[in-house]
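Colleague: A single structure is presented below for examination.
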Amino acid sequence: MLFTPELIGGERNNFDKSGHFLQGFIPTIIVREILIRFPVIGSRRWMGIN
Numbered sequence: 007m008l009f010t011p012e013l014i015g016g017e018r019n020n021f022d023k024s025g026h027f028l029q030g031f032i033p034t035i036i037v038r039e040i041l042i043r044f045p046v047i048g049s050r051r052w053m054g055i056n
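Remember, this note's numbering sits 6 above the position in the sequence shown when you count from 1.
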C-alpha cells in the first residue's frame, strides 16, 4: 500500500507541518477561553481545570 506522498511525488515540509499544527492549536485555545469566560458549561469540572 502506498502512502499519499509516494503517490503524488511530494513531501510535506516543516512549514506545512507547523502550519497545520497551529490551525488546530489556536482555535482550540480560543474556544477554551470562551468556554471558561462564559457560563456555557455548568461547572469547571468539565474543563479539566482544578
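Glycine included, each C-beta is placed from N, C-alpha and C at the ideal position.
I'd like the span of the alpha helix (DSSP H) that includes N20, first residue to last.
Modeller: Looking at the DSSP string, the run of the alpha helix (DSSP H) that includes N20 is N20 to R43.
Colleague: In this structure, how does DSSP classify M7 when only helix, strand and coil are distinguished?
Modeller: Any reading at M7 must be qualified, since the residue scores a pLDDT of 48, below 50, and its modelled position is unreliable; the value itself is stated next. The answer is coil: DSSP assigns M7 none of H, G, I, E or B.
Colleague: Please report the straight-line C-alpha distance between N20 and Q29, rounded to a whole angstrom.
Modeller: The straight-line gap from Cα to Cα measures roughly 14 Å.
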